[in-house]
Every structure is written in structure tokens, then in C-alpha cells.
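K.L.:
Before anything else, here's the structure in question.
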Amino acid sequence: MAKDHAPKETFSIDADMVKHVAFLVRLGIREEEARAFSHQFTAIIDYFHLLNEVDTANVPPASETSSTHSVMRADEVQPSIPRQDFLKNVPHRDGDYVQVPLVFGEE
Amino acid sequence: MTTYEPVIGLEIHTELLTKSKMFCGCSAAYSEAPAPNTLICPVCTALPGAMPVVNQKAVEQAILVGLALNCTINPMNQFARKNYFYPDLPKGYQISQYDLPVASDGWLEIPDDSGEGTQRVRVRRAHLEEDTAKLAHQGNSALVDFNRAGVPLLEIVSEPDMRTVEAALAYATKIRAILRYLGVNSGDMEKGVLRFEANVSVRPVGSQELRTRTEIKNLNSFRALTRASAYEIQRQTKIYETGGEVVQETLGWDDVRGVTVSQRSKEEAHDYRYFPEPDLPPLEISRLWVEEIKAQLPELPEAKSQRFVSVFGLTVKEAKLLTSEKALADYFEKAVSLSKSPAKIINNWITGEFLRYVNELGLDLDHLPVPAEHLAGLVDLVTGKIINDNSAKVVLKEMFETGQAPQAIVEAKNLAQISDEGYLEQVVAQILNDNPGAVASFLAGKETVLQFLMGQVARLTKGKADPQVARQLLMQALTKLKEN
Amino acid sequence: MSRTGMAIMSRCRWFLGKSSQMELHSLSIREAHELLSKKQVSSLELTTAALEHIRKTDLHIRAFVTVSDELALEQARLADERLRTGEGVTPLTGIPFAVKDCISTKNVRTTCSSKILENYVPQYNATVIDRLAEAGAVLVGKHNMDEFGMGSSCENSAFFNTHNPWDLERVPGGSSGGSAAAVAASMGVFALGEDTGGSVRMPAGFCNVTGLKPTYGRVPRYGLIALVSSFDCIGPMARDAWDCAAVLQAIAGQDRRDTTSLPAPVPDYVKGLEKPVKGLRLGVPKEYFQSGMEPGVESSIREAIHKFEELGMEVREVSLPHTKYGLPVYYLILFAEASANLARFDGARFGLSVTEGAENVIDMYLQTRREGFGPEVKRRIMLGAYVLSAGYYDAYYLKAQRVRTLLRRDFEAAFEQCDALVAPTCPTTAFKLGEKTDDPLTMYLSDIYVVSTNPAGVPALSVPCGFSNGMPVGMQLIGKHLSEDVLLQIGHAYQSVTDWHLKRPTVAK
């Protein structure tokens, strides 16, 4: 699975890939949009291949070497927010529930 | 014809018994919530701008579990985002752990196939995450209640080391017992606080390969676990036998029809796009803290069972039954400590009549109307021959109903056993006198009539006759008659 | 008395003579505080003046998405009460301010300049808002921005463009464009912006405003609508370093609700301003001065460096060898984190929800996000999914995180030789509206000088230092971890001997 260097052949992100990632982030897009995005994405990511110039062998990822460590909290119950305050902003509700359209058993 | 063997791994999701949620201060007691969406805040409902903060108790409980499963507790933990969309996941990602979980590389011993020895199931890892909201389907829509969203969850992942459904059941049972022992989970599967996922594949016996496996999700009872695994093993075996290929997929278990059903859409498994949670810097777990937690580890079922065998002289089977629930084991030990009677006898009473009432009345072992002192007292009355077995059963029933001490009940009901030989001799004499036909049968060789005569003694003494003494006197009298 | 002090005194004397509402709005925090303490002006007067000025001026600038009149007047009255009794008075008590519209304000609409939050009214305050309320400051409104902070010109707002008060045909910079323009045009005395990759400094530079990006974690993020959790920093934007110090004082410090907030004690930033800068070592990173800068920008920076030498600072050249990799490091990590942070905007619990014709919940997600997000947001979240995808994670996200370590090390090495770095904020002054909107990559490239600081977590202060072709030039002072006190000190010293920061635009009527 791991590829440390992006491919050297003519790099491109095609419309199918755009549609794939669009669905991953639940974004509805049309065919012509997918094509337009594919050109932009290709240019952007290709530019960022600049990073391949850098030798990062033995360099740890910054995400794993934070200078701070997590501070935890004591297991105490804090007051919850009033239900009405939360429900005020809910676009579709059914009584005290948040209502969403039909859900398939996906997860 | 090839024989296939199952290869089973289990993932167990266990809710932890903390007061507050994993990443916020909302109460985690969602099953006692007064109404939907009352135990919520910006964090667990994923409002814009909210941020998570780790619950120390949840980490502590996770470490306890890791230690109980002989795991290495990792000195550096990292939380990660597991990204996917579903209405019960308000952030659009679940905060979980990926590369650096709380615990890893542990193991658990379970009985082997022969039942005589043990086999080891390796525990790959245990990691912390948060539970999802509750979703209820209603016609063309779904209703979401966020009370459960964010409750701490520990996922315990085994290696695919189990080769039979029985082994999987033994492993799951043992994990549940340990979790209850540690006080981190109630084990109440009907409430959904403990859920199983089985990873099942099969392979030719003798081969070491790992073939394609399927994941059976949301198994919420031991019954579902065993039935679903068994079905899936059969299904996959048939596929291979007919020259087919098993497809990797996620399955659900339809208990009504007794089949596994595919859940995933045709797309391949979710791409969760894990990356380290930037809102939570690495969590350092000091050696000192782990040692402090280790000191809090209670005696676990295995060790307690072995101790019961060596100290109380119980059989392995007896010890295992008593230690299957910590509350039961504690009850037994307390009763033994308060009683003069042999532990074996106390065990018999507890696992016999006592448990029968508990189960019949649907009682909770943690909240019994009969304290251990009372049971100890009852057994002592029997071994001290103050009352006989039958009377004791009557007393026990009364104890459950009224919560009274046994001595008080015996006095009130005048159940004290009659052992007075002089009196019993008179009783015996009267019985023999009143039942010439039976006496004649006995003298003619029909020894089973003795039971009838004993019954008469019991009747006449309203069940209070000491059976041993009565029997002895009866035999003496009958023998005398025979000799004459 | 310092030159600044004397300037204040003379302005105060002017006010003693005439309390003209016309100029009340253009007081700095320091000046206003002086008058408020002496009871020569009330918060209600200041606030009313601010609201009036906004009403007239914002027609041209369009810096505000929401003006919170009622709340402001209420808070002004409360502030006046405090000022009357003298209890709980801070330098910010009674001072009107506004914040970038990505900071949650209870009962005041918060939109991130996005359609998806167009009518979202938070039911809680961000920590910084609570802290400013505690200090007695008065919230007058919410500023326009690039949608969800994605942009460098404010042209990505889903609602309208903000105009640079110095030239209405030009951009104010982004993404805190509304905040910079508002402060520059004296609409509110100070602002809270937010800097993820230059978003405070770049518009501050374009609009002739002083703006600070504090050390990551110095100011708590609880209540800040997240863009890049690893980089986002809330920071003050105001007329000068003194004002910025006063604001920072009120908002800095650990917050138990934000695990990334730093436990380090908060120094007295205002007191620290007067510390002498003589002998401090200033580094000039050579990679920041290679080709591509507008000549007027370069000459302004060089003049400023000269000024620092005059102030007794030692100037030397240093190197930040991985500078050119700052852009890909910044953007790759941004794409990834933003795509996860924006997943919660799905139409279920708040915000825009498009359910017409939705057969199932996935339709609701697809439709809502399609309609609710602008093109730049869509681009970035899709690219985020791409770089985190199985098979690409190592090549992009992980690679970027490794090079990020090298960027950090560059700064650490540089700070062994100097106490602060000086560099331009942007290679050019403010460009024209519409000039760069055709090609996203071109827009990204304008961030070249500001994008390395956020991945490294270091603080940076943008200070006005001249003009080029009539438009303001900003320089940034970059410091090591937790050295915002030093940066403010240097900025303050510079502003004591220059007056670029005092220049105000005349907004064409």
C-alpha cells in the first residue's frame, strides 16, 4: 500500500478520481465539474510533488512529535446544554429527536 | 475430500463505566436519561468550534483491561480520526486510535478442545474510541438521539487464533467475566453495552494460510455470536467445496432467518483515511501511573478459581461456576468466612437451592435480599443438626421472601429438628404399630418399604425428625422384630 | 515620556476641547482607555460612534457580515457601569471591537462567510469571546472572510467581496480581510482575526494594520470554527503593537476545553513593550529576499531593517533552507485536516439543509454540501480526501508532515543565532479584485512568505512599514516559540520611531 514517492510518469488526476473523492466527502458534483476539477487538481498536486526533492529518511512526522502532551480531564459530570438550545438550530426535528431522511444500514 | 477448519478472530466493543463521556463532561449514563437529547453539549453533538478533551478515568479503565489481558501498555498513545459519514456520527469522523493504541500484544487462556487443558488466544490490541449516537428508523426517515454519542468505548481485538465456535464462545465469555470483575462494564448485552464482531474464514486443515475473511457485525448476544459464526463457517466451506471464492464483505446476522446477510454496497470497504487527531496531542502514560493502576487490579477469575480449588478444596468445575461472577465468588467467600461449616457444603447450598431462587426470582447478585451472613447461618444450622435438609429449604424460601435471619425463622416456625432419641423411639414404635402391613412387607424382604415408613415418621413429626436418627431407630426396631 | 505617549496626550487635549463624535471612532485602545478612565467619554458614546461610522462606511468597504447593535449597546452600558465604579476595569473595558466570522458568538449569527452557515446562530461563546466580555469589551459585529478561511483575498466569501479601504478596487487580503479592512477604516477599535497560513498577517499588511499571529496554543481555540486544527491561531488586529498587546493580554492563557492550549504562564505583554531592543539580534532570511518581490515592497522592508539597526539591533543574514517547501507542506496538511473538519456540515444538526427530492440521507449530504460550499472549499476538501486516501497517505500527507519537521528545525536553528526574523508579508501589495481568481494555484503562491510559520507553530507580527504605489506594505517579525512578547516589544520600538501605522485611508464617499 505505501508509496513513498509519487509516480514519475505523466501525473494526472482524472475525472473518475474526482468523482471518487467527491463521494468520499459527500459532495454532489456533475460530470463537467468533475472534468474542470480534474485539471485543477492535477496542476495543484503536481506542483506539490516538489516535496519529493526533500530527503526525509529518518525525519519523524511532525504530527508525532508535539512538544505538548495531552492533558486529561477528571471524570466528572458537567452540566449539559439545555435541549431547547440545541434543537433551536436543528433543521428538521421530530419532537426531541433530530430527523434525517431514510438511512440504509451502511455502517 | 478436503476438510476445512474455521479461523475466527473476535472484536469486542465494550462501553466503559465512567461517569462522563469520553471527550466531554456530559453524563455517560444514557440508559437512564430522562429524554432524548438531554445529555448533550457542543462537543458530543459536533457543533462548530467544539473540541475534545480526554477522560482520564476512561484511560485508566482501558489500562486495567489491558493489564488483565496481559498486554503491553504503550507509554505513548495517539488518537486518530476515522473518517466516514453516517447520521449517528455527528463529526463525520470518529475519534479512535490507530497507530498507537492503549494496549497491545496480550493474551488470554481458554479451555482447549479436549476440555482438559488450555489454549492461548492472542490479543492484538485494545484501543479507545467513542460510541455513536442512537438511530431509530421511522418510516421514511430516521430519528437521532445523541445521548449515547461520545460514551467511552474500548475495542478489544484478538488475533484469528480460534479454531472452533466453542473457542470463540469461551473467549467471549471470559472477556465478559473479566470486564465485570474489573467493574468497567456491566456485561449486560441486552442493553447493548457489549457488542461482538466476528471475523470468520476457513482453510484446509493443516494449512497455515489465511484466506479471505468476512466480518459479521453487531452480534449482541452469545447466541447470535455462536449461531452466526457456525452458519458462516458452513457457508464458506460450501463455497470452497463447490470450487467458488469467498468474497470479502461485511455481514449482518439475521437471527430470524438464521443467515448472514451482506451489508456493504458494492463499493469496496470504507476508506477511513485515518490520520492523527490534531486536537489531541500524544498522550503520555507513565510507568508510575501504570504501576498504580496495576495495584488496583482485583483478583481475576482464573486466579480466583485456582485459589478456590487449592484453599477450599473445590473441584475445578465447582470453582469455575462460583467464579463465573465476581459477586457470586465474593458471596461464597464471605459466607465461608462467617460459617463453621465446610466450604464444600456451603458451595452445594449456594450453587443448588440458593442460585435456584436467585434465578427464579430474577435477582441481581449485587443486590440480594439474603446477605452472606444469613446463608452462613442457615448452613450452620444444618451441619449442626438443629434443622434437617427439608426444613432448611423451607427456611431458605422464607429468608428470600422476608429477608429475615434463619435463626429467627426457625424459632418462629418451630422448625428445630427433633433428635431426641427417647421421643423418636416412641414415634417409631407408634409408626410400626400403625402400619402392620408395611412391617410385614419389610420382614418379607421388601426393603424399599423403609422409605414409606420414613415418610410416616416425617409426617408424624411434621418433618422435624432428624432423618439420620430416625432411620437408625427405625432400622433398629425393625431388625429387632426380624430377630424375633 | 515616549513619543507615543506624547501623541496620546495631545490627542486627549484636543478631545477635552471638543467631544466630536466624528473622531471618536478613530481612537486607538490606548487613547480610548485614557479618556474612558478619565470619564471624558463613555463607552456608550464610543459604541454609538462606532456603530454610526460602520453604518456609513461599510456601504463602501463591506467588511461586516453582521452588526450586533443591540448587544453592543447593552454591553456598552454594562461597561459604563464598571467604569463608573472603577471595579473590574481593564484597558479593554468599554472598547468596541468585532471578530472574524469564524469565531462563535452566542446569539449572534456566525457564518464563516459560507452559505452553509448563513443562518447559524451559536448557543455558546468561544473562549476568547468570554474572555473579552470579562474584560468588558463591546462586541459590535462579525467580519467577512474567505469562506471557511480558504483564500488570500476575501474573494471567496459566499456573500460579497470586501474592499480594501486604501483602494476600493483592490482586495483587503485574506482570509481575515473583513477584520483588516474594518480596523483600517476605523470601524471598531480592534479586531480578532484568525491566522492559519498568513490570514491575519497578509491582510494586515495589505490594509496598513498591525496584526499578530501568536504561538500556536497561546490563545485557546475552543469556539473557533476549525479550518486546520494543527495551524489555526486567533490573533489581535489593531492600530499598533500596544493595542495588540492589550488584546493578547485578555485572550491568552490555557483553557481546559482546548487540549492544545499551552499551560505556559502569560507574561505582562503591555509592560514588556517598554523593554529596550538594543542588542537584540534580527535575522534576515535570505530565501525570503530572492526574486519576485515588488520593488516598492522590497525597498520598504530594507528601510525598516535599517531602522532596526538605528534602534541598536544587530542585523544578520540567516537561512531557512526549506522555505520553498512551505507551500506544499502547508496546503497538503490543510487539505487533509480541513476535509475532516468540514465533514460535520451535513444538514442534520444545524445550518443549511437541502432535503427536497432527497430519497435518503446520502442525498441530503450530497445536496446540502453541494449548495452550501463554494468552489474553493469544494476543491480543498476533495483534495483532502485524495491526499489521505489509502495508497496516497504516505506520499502526500505523511511526506508533508516529515518536511514540516524540517521547517520547524529551520526556524529552531535560525533562532539560535537571532531573537527574531524580519521578512515581507507578501511579495506584492494588494492586488486588484478579480486579478487572481482564475487559477487557484496562483492564489496559493501569493502566500509564500507566510505559510511556513503556522506549520512550525511560531509567532509572527505584521507591522506597517511603508507604501508602494500608494498601497500599504507590511513586514512580519517572526519569533521563536512563545516569544510574542519580544515581537511586540520590537514592533512597539519600531512604531515609536516611525508613523506608518498611524496613516489612515480616506474612504471615498
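Residue numbers (the numbering used here), protein chains in the order written: chain A, -18 to 88; chain B, 2 to 485; chain C, 300 to 808. Ideal Cβ positions, reconstructed from N, Cα and C, are used throughout, including at glycine.
1. Any beta carbon from chain B within less than 9 Å of S318 of chain C's own beta carbon?
2. Taking the alpha helix (DSSP H) that W350 of chain B belongs to, which residues open and close that run?
3. How should S318 of chain C be labelled, buried or exposed, when 16 other C-beta atoms within 10 angstroms of its C-beta is the threshold for buried?
4. To the nearest whole angstrom, what separates the beta carbons of T622 of chain C and E586 of chain C, a pair I think is in contact under 8 Å?
5. Output, in chain order, the set of chain B residues within a Cβ distance shorter than 8 Å of L523 of chain C.
6. At 7 Å on the CB atoms, spell out the chain B contacts of L687 of chain C, in chain order.
7. Is the Cβ of S654 of chain C closer than 9 Å to any Cβ of chain A?
8. Identify the continuous beta strand (DSSP E) that holds E14 of chain B and give its terminal residues.
9. Establish whether the CB of S21 of chain B and some CB of chain C are separated by less than 9 Å.
10. Could you work out which residues of chain A lie near F86 of chain B, taking near to mean beta carbons separated by less than 7 Å?
11. Can you find a C-beta in chain B that's less than 9 Å from the C-beta of D(-3) of chain A?
12. Taking Cβ-Cβ distances below 7 Å as the criterion, which residues of the segment 452 to 465 of chain C are in contact with chain B?
13. Given 8 Å as the limit, is there contact between the segment 371 to 378 of chain B and the segment 404 to 413 of chain B, that is, 3 or more CB pairs closer than that?
14. Verify whether the separation of the beta carbon atoms of E370 of chain C and L431 of chain C is less than 9 Å.
15. Exposed or buried, which one is V79 of chain A when buried takes at least 16 other CB atoms within 10 Å?
16. Figure out for me which residue from C:A436, C:V508 and C:N463 has the closest Cα to the Cα of Q548 of chain C.
17. Let's test the definition: count the other Cβ atoms within 10 Å of the Cβ of A296 of chain B and tell me whether it reaches 16, buried, or not, exposed.
18. Which residue spans inside the segment 426 to 462 of chain B form an unbroken alpha helix (DSSP H) run of at least 4?
19. Closest Cβ-Cβ distance between T46 of chain B and chain E: below 9 Å?
20. Please give me, in chain order, every unbroken run of the alpha helix (DSSP H) with length at least 4 that falls completely inside the segment 495 to 565 of chain C.
21. Taking buried to mean at least 16 other C-beta atoms within 10 Å of its own C-beta, is D162 of chain B buried or exposed?
22. When burial is assigned at 16 or more other CB atoms within 10 Å of the CB, is V201 of chain B buried or exposed?
23. Does any CB atom of chain A fall closer than 9 Å to the CB of T752 of chain C?
24. Quick check: the segment 613 to 629 of chain C against the segment 694 to 710 of chain C, are at least 3 beta-carbon pairs closer than 8 Å?
25. According to DSSP, is M592 of chain C part of a helix, a strand, or is it coil?
26. When the distance is taken between beta carbons, is R520 of chain C closer than 9 Å to M52 of chain B?
27. Give me whichever residues DSSP pairs with N463 of chain C in a beta bridge.
28. Three-state secondary structure (DSSP) at G477 of chain C?
29. Measuring only between beta-carbons, confirm whether A3 of chain A sits less than 9 Å from chain B.
30. May I have a chain-ordered list of the beta strand (DSSP E) segments no shorter than 3 residues that lie completely inside the segment 357 to 436 of chain C?
31. If you follow the alpha helix (DSSP H) that M53 of chain A is in, where does it begin and where does it stop?
32. Go through the segment 631 to 687 of chain C residue by residue and report every complete run of the alpha helix (DSSP H) that reaches 4 residues or more, in order.
33. Once you ignore the five residues that flank L682 of chain C on each side, which residues in its own chain have a CB closer than 6 Å to its CB?
34. Return the Cβ separation of N221 of chain B and G253 of chain B in integer angstroms, given the expectation that the two are a contact with Cβ distance under 8 Å.
35. Run down chain B in chain order and give the residues with a C-beta less than 8 Å from the C-beta of S474 of chain C.
36. Just to confirm before moving on: does the CB-CB distance between V158 of chain B and R121 of chain B stay below 9 Å?
P.N.:
Quick look at the numbers:
1. Reading the third sequence from its first residue, position 19 is the one you call residue 318 of chain C. The predicted model places S318 of chain C with a pLDDT of 46, which falls under 50 and marks its position as unreliable, so this point remains unresolved.
2. What you label residue 350 of chain B is simply residue 349 of the second sequence in a count that begins at 1. Looking at the DSSP string, the run of the alpha helix (DSSP H) that includes W350 of chain B is A344 to W350.
3. As a working mapping, residue 318 of chain C is identified with position 19 in the third sequence. Note on S318 of chain C: pLDDT 46, under 50, position unreliable in the model; no value is reported.
4. Walking along the third sequence from the start, residue 622 of chain C turns up at place 323. Walking along the third sequence from the start, residue 586 of chain C turns up at place 287. Correct: roughly 4 Å between the Cβ atoms.
5. Locating residue 523 of chain C in the third sequence gives position 224, where the first residue counts as 1. G50, listed in chain order.
6. Position 388 of the third sequence, counting from 1, holds the residue named residue 687 of chain C. Going along chain B in sequence order, the residues near L687 of chain C (Cβ under 7 Å) are R274 and F276.
7. Here the question's residue 654 of chain C lines up with position 355 in the third sequence. Before going further, note that residue 654 of chain C is Thr rather than Ser in the sequence given. By this cut-off, T654 of chain C is an interface position.
8. As a first step, residue 14 of chain B is located in the second sequence; it is residue number 13 there, counting from the start. Looking at the sequence shown, residue 14 of chain B is not Glu but His. From DSSP, the beta strand (DSSP E) with H14 of chain B extends over Y5 to E16.
9. Translated into the one-based positions of the second sequence, residue 21 of chain B becomes position 20. S21 of chain B does not count as touching chain C.
10. Here the question's residue 86 of chain B lines up with position 85 in the second sequence. What F86 of chain B touches in chain A: R7.
11. In the first sequence, counting from the first residue as 1, residue -3 of chain A sits at position 16. No, its Cβ sits nowhere closer than 9 Å to a Cβ of chain B.
12. Along the segment 452 to 465 of chain C, there is no position whose C-beta sits under 7 Å from a C-beta of chain B.
13. yes
14. Here residue 370 of chain C corresponds to residue number 71 of the third sequence, with the count starting at 1. Here residue 431 of chain C corresponds to residue number 132 of the third sequence, with the count starting at 1. At residue 370 of chain C the sequence reads Leu, which differs from the Glu that was named. No, they are not a contact pair.
15. Within the first sequence, the letter at position 98 stands for residue 79 of chain A. Buried.
16. Residue numbering aside, residue 548 of chain C sits at position 249 when the third sequence is read from its first letter. Out of C:A436, C:V508 and C:N463, C:A436 has the C-alpha closest to the C-alpha of Q548 of chain C.
17. As a working note, residue 296 of chain B is residue 295 in the second sequence. Result: exposed.
18. 437 to 444 and 450 to 461
19. This model lacks chain E altogether, as its protein chains are A, B and C.
20. 500 to 506 and 540 to 550
21. The residue you call residue 162 of chain B lines up with position 161 of the second sequence. Flag for D162 of chain B reads buried.
22. In the second sequence, counting from the first residue as 1, residue 201 of chain B sits at position 200. The Cβ neighbour count for V201 of chain B, taken over all protein chains shown within 10 Å, is at least 16; the residue is labelled buried.
23. Your numbering for residue 752 of chain C matches position 453 in the third sequence. No, its Cβ sits nowhere closer than 9 Å to a Cβ of chain A.
24. yes
25. In the third sequence, the residue the question calls residue 592 of chain C occupies position 293. Three-state result, M592 of chain C: coil.
26. By one-based count along the second sequence, residue 52 of chain B stands at place 51. By one-based count along the third sequence, residue 520 of chain C stands at place 221. R520 of chain C sits close to M52 of chain B, with the two beta carbons spaced by under 9 Å.
27. If you number the third sequence from 1, residue 463 of chain C lands on position 164. N463 of chain C is bridged to C:D466.
28. Here residue 477 of chain C corresponds to residue number 178 of the third sequence, with the count starting at 1. Three-state result, G477 of chain C: helix.
29. As a position in the first sequence, residue 3 of chain A is number 22, starting the count at 1. With 9 Å as the cut-off, A3 of chain A does not count as an interface residue toward chain B.
30. 363 to 366 and 395 to 399
31. For this step, residue 53 of chain A is matched to residue 72 along the first sequence. It is not in any alpha helix (DSSP H) - M53 of chain A carries neither H nor E in the DSSP assignment.
32. 660 to 671 and 674 to 687
33. Residue mapping note: residue 682 of chain C aligns to position 383 of the third sequence, counting from 1. Only F634 meet the Cβ criterion.
34. One-based indexing of the second sequence puts residue 221 of chain B at position 220. One-based indexing of the second sequence puts residue 253 of chain B at position 252. Not really, about 11 Å apart at Cβ, beyond 8 Å.
35. The count along the third sequence starts at 1 and reaches residue 474 of chain C at position 175. Going along chain B, no residue has its Cβ under 8 Å from S474 of chain C, so there is no contact; the nearest lies around 16 Å.
36. Position 157 of the second sequence, counting from 1, holds the residue named residue 158 of chain B. Position 120 of the second sequence, counting from 1, holds the residue named residue 121 of chain B. No; because the gap between Cβ atoms is not below 9 Å, this pair is not in contact.
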